Amino acid sequence: MSENSLQGVIPFSFRNLSHLNTLDLSNNKLSGQISNSIEYLDNLHVLDLGENNFQGNMFTNNFSLTYLYAFIVNKNQLTGEIPNSICKMFFSILDISENRLSGALPSCMNNFQYSLKVLDVRGNSLEGSIPSKFCGFFWLQYLDLSNNHFSGLIPPCFNFPHLLYLNLKDNNFTGSLLSASFGNNLEILDIGNNHFIGGIPNWIGTLQNLKIFSLKGNHFKGPIPKQICNLKYLHILDFSQNNLSEEIPPCIHNIGHHLDSVTIILEEVGIGINESNIFPYHYFSNMLSPEEMFPASVEYIDFATKERSYAYKGDIINYFSGIDLSCNKLVGQIPIEIGDMAWLLALNLSNNMLHGPIPHTLSRLTEIESLDLSHNMLAGRIPSQLAELHFIEFFSVAYNNLSGPTLGMVGQFSTFSEKNYEGNPYLCGPPLVKSCNNMSSPHQNQVKDGHKNEETMERFITIAIFVLGFIMGFWGWMALLFFKRSLSYSFFLGVDGYMEDIVDMARNLLAKIK
302 MSENSLQGVI PFSFRNLSHL NTLDLSNNKL SGQISNSIEY LDNLHVLDLG
352 ENNFQGNMFT NNFSLTYLYA FIVNKNQLTG EIPNSICKMF FSILDISENR
402 LSGALPSCMN NFQYSLKVLD VRGNSLEGSI PSKFCGFFWL QYLDLSNNHF
452 SGLIPPCFNF PHLLYLNLKD NNFTGSLLSA SFGNNLEILD IGNNHFIGGI
502 PNWIGTLQNL KIFSLKGNHF KGPIPKQICN LKYLHILDFS QNNLSEEIPP
552 CIHNIGHHLD SVTIILEEVG IGINESNIFP YHYFSNMLSP EEMFPASVEY
602 IDFATKERSY AYKGDIINYF SGIDLSCNKL VGQIPIEIGD MAWLLALNLS
652 NNMLHGPIPH TLSRLTEIES LDLSHNMLAG RIPSQLAELH FIEFFSVAYN
702 NLSGPTLGMV GQFSTFSEKN YEGNPYLCGP PLVKSCNNMS SPHQNQVKDG
752 HKNEETMERF ITIAIFVLGF IMGFWGWMAL LFFKRSLSYS FFLGVDGYME
802 DIVDMARNLL AKIK
């Protein structure tokens with residue numbers, strides 16, 4: 302009965318369906334509290350009440366369905382804390398996401414350690430730290446704690462051998478990840494927008510199956526570990542808004558090595574991964590096929606690129622890939638090897654301290670749609686080969702030290718405005734108002750400045766030689782007079798005679814005037 306327009310409350314008569322094992326009322330307009338009649342369905346295995354308008358508590362303390370292993374009440378308006386009575390059951394799938402639940406996670410949830418495979422509590426107001434007893438979830442494959450108020454350290458034992466998806470973003474977690482370990486089978490890891498510190502751990506390179514990796518908006522520092530280059534299947538990488546330093550490892554072009562042709566979307570300020578409802582409903586294969594029981598799983602990514610924010614949903618996420626290293630303290634030059642990542646659709650290296658030229662090899666990114674190199678210290682000319690990027694929709698080299706002509710009004714670059722080039726005083730040509738005919742390049746200005754400096758230096762040397770010669774001549778002559786008494790006597794006698802002649806001449810001149 303899912304995906305209809307059913308309204309009102311769950312009928313009390315449902316309590317008579319004692320042999321019912323699957324109840325799917327999702328995607329309707331049902332309201333009120335979750336009916337007490339549900340607790341009489343002792344043979345119920347799957348209960349999906351998601352995407353309705355249910356209010357109040359999740360269920361009463363007497364709620365105990367021994368055989369219920371899939372409980373889905375996402376996207377409702379449930380309030381209060383998660384009741385301890387939840388621990389009386391042995392869930393395989395528990396989805397209570399996007400409600401108004403508060404409080405901490407019950408420590409008794411370790412009762413699910415041998416049954417729980419999917420736990421989704423994202424989008425609530427849950428708080429507190431992760432209980433150490435969570436480390437016992439041996440079969441856990443999907444864990445989403447995002448968009449809550451969780452805090453504290455990640456337990457060192459937080460290692461799940463079968464975990465594929467881990468989302469901790471948008472919380473208040475702290476501490477270092479150097480001693481943490483999330484399991485080597487991870488495919489999606491998002492710990493963005495927390496307060497993690499320290500360096501990026503080298504053990505990241507052991508996550509050989511990792512496809513999506515985001516740690517944006519934390520306080521990570523130090524270099525990007527070279528071990529990241531071992532991730533051959535990675536197609537979304539977001540390290541933006543941290544304090545990472547040193548150079549971009551040239552081997553970064555090795556990531557995504559096994560990708561043939563995938564679309565790369567890279568946000569201007571970072572990628573925010575928010576995949577949801579990727580539930581492995583094949584756990585119900587002993588009953589009905591996933592296609593018969595549930596709608597197609599939905600995955601989505603919220604990201605901002607091309608100066609706008611978008612949400613892409615569904616299977617298209619498999620064609621998204623990108624690298625965002627913006628808003629860090631990275632130095633050095635842009636590795637020319639990035640040009641080998643032909644599958645990129647977007648690349649964001651903005652707001653760093655990168656210098657040197659823009660590699661002409663970036664023209665080999667033939668599928669790229671968004672390229673942001675703004676707010677760095679890049680110098681030299683914009684490679685004319687970039688005009689061959691026929692699918693580019695966003696491009697910015699603003700606020701660098703670039704010189705020479707822009708890419709003009711060629712192809713897709715004819716759609717860009719002055720703000721995409723601003724902050725480069727020696728750039729010229731359209732869409733800038735400065736004409737290249739009236740512009741002197743930094744090289745010409747350096748030559749002029751060099752000539753001026755040479756003239757100034759020549760004048761300084763001439764004056765210095767004159768002063769030095771005068772000093773040496775004067776004091777040399779005085780030394781000679783001091784040590785040669787006879788010469789000194791003759792010199793001063795001559796000076797006296799010369800002075801007497803001058804005085805006599807002055808007297809005669811005055812007498813004639815009178």
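Per the numbering used here, residue 302 is the first one in the sequence shown, and the count goes up by one each step. Each residue gets a CB set at the ideal place from its N, CA and C atoms; glycine is no exception. Quick caveat, the model's predicted, so the values are computed rather than measured.
Please classify residue i: does DSSP put it in a helix, a strand, or coil?
i: arginine 682; result: coil
i: isoleucine 669; result: coil
i: glycine 724; result: coil
i: histidine 496; result: strand
i: aspartate 750; result: Because the pLDDT of aspartate 750 is 49, which lies under 50, any placement of that residue in the model is unreliable, and the number read from its coordinates should be weighed accordingly. Three-state result, aspartate 750: helix.
i: leucine 444; result: strand
i: leucine 479; result: coil
i: aspartate 641; result: helix
i: phenylalanine 695; result: strand
i: proline 581; result: Its pLDDT being 38, under 50, proline 581 is placed unreliably by the model, and the measurement read from it follows with that caveat. Three-state DSSP puts proline 581 in coil, outside helix and strand.
i: glutamate 304; result: coil
i: asparagine 543; result: coil
i: arginine 760; result: helix
i: serine 403; result: strand
i: asparagine 653; result: coil
i: asparagine 473; result: strand
Need the endpoints of the beta strand (DSSP E) that residue i sits in, please.
i: leucine 631; result: 630 to 632
i: glutamate 382; result: 378 to 382
i: lysine 330; result: 330 to 333
i: histidine 346; result: Counting along the chain, histidine 346 falls outside any beta strand (DSSP E), and DSSP gives it neither H nor E.
i: asparagine 649; result: 647 to 649
i: glutamine 356; result: 354 to 357
i: phenylalanine 521; result: 520 to 523
What are the partner residues of residue i, as DSSP defines its beta bridges?
i: histidine 320; result: Answer by DSSP bridge pairing: none, since histidine 320 is not bridged.
i: histidine 450; result: Glu428
i: isoleucine 537; result: Ile513 and Gly623
i: isoleucine 489; result: Tyr466 and Ile513
i: isoleucine 373; result: Asp349 and Asp396
i: proline 706; result: Cys729
i: leucine 420; result: Leu395 and Leu444
i: glycine 309; result: Leu331
i: glutamate 548; result: Val632
Around the C-beta of residue i, are 16 or more other C-beta atoms found within 10 angstroms, so that it is buried, or is it exposed?
i: proline 312; result: exposed
i: leucine 769; result: exposed
i: methionine 359; result: buried
i: histidine 554; result: buried
i: histidine 520; result: exposed
i: glycine 523; result: exposed
i: valine 711; result: exposed
i: asparagine 363; result: exposed
i: phenylalanine 439; result: exposed
i: glutamine 542; result: buried
i: asparagine 468; result: buried
i: alanine 699; result: buried
i: threonine 716; result: exposed
i: aspartate 343; result: exposed
i: isoleucine 762; result: exposed
i: glutamine 378; result: exposed
i: glutamate 352; result: buried
i: glutamate 670; result: buried
Just checking my contact of residue i with residue j at CB under 8 Å: how many whole Å lie between their CB atoms?
i: glycine 404; j: isoleucine 431; result: Incorrect: roughly 14 Å between the Cβ atoms, too far for contact.
i: leucine 444; j: leucine 420; result: 5 Å
i: valine 422; j: asparagine 449; result: 7 Å
i: isoleucine 335; j: phenylalanine 355; result: 6 Å
i: glycine 309; j: serine 332; result: 7 Å
i: leucine 538; j: glycine 623; result: 7 Å
i: lysine 418; j: isoleucine 394; result: 7 Å
Check whether the Cβ of residue i lies closer than 8 Å to any Cβ atom in chain C.
i: isoleucine 335; result: This model lacks chain C altogether; it includes just one protein chain.
Any heavy atom of the ligand FAD closer than 7 Å to the CB of residue i?
i: isoleucine 529; result: Summarising the ligand content, the structure contains no ligands, and the ligand FAD is consequently not present.
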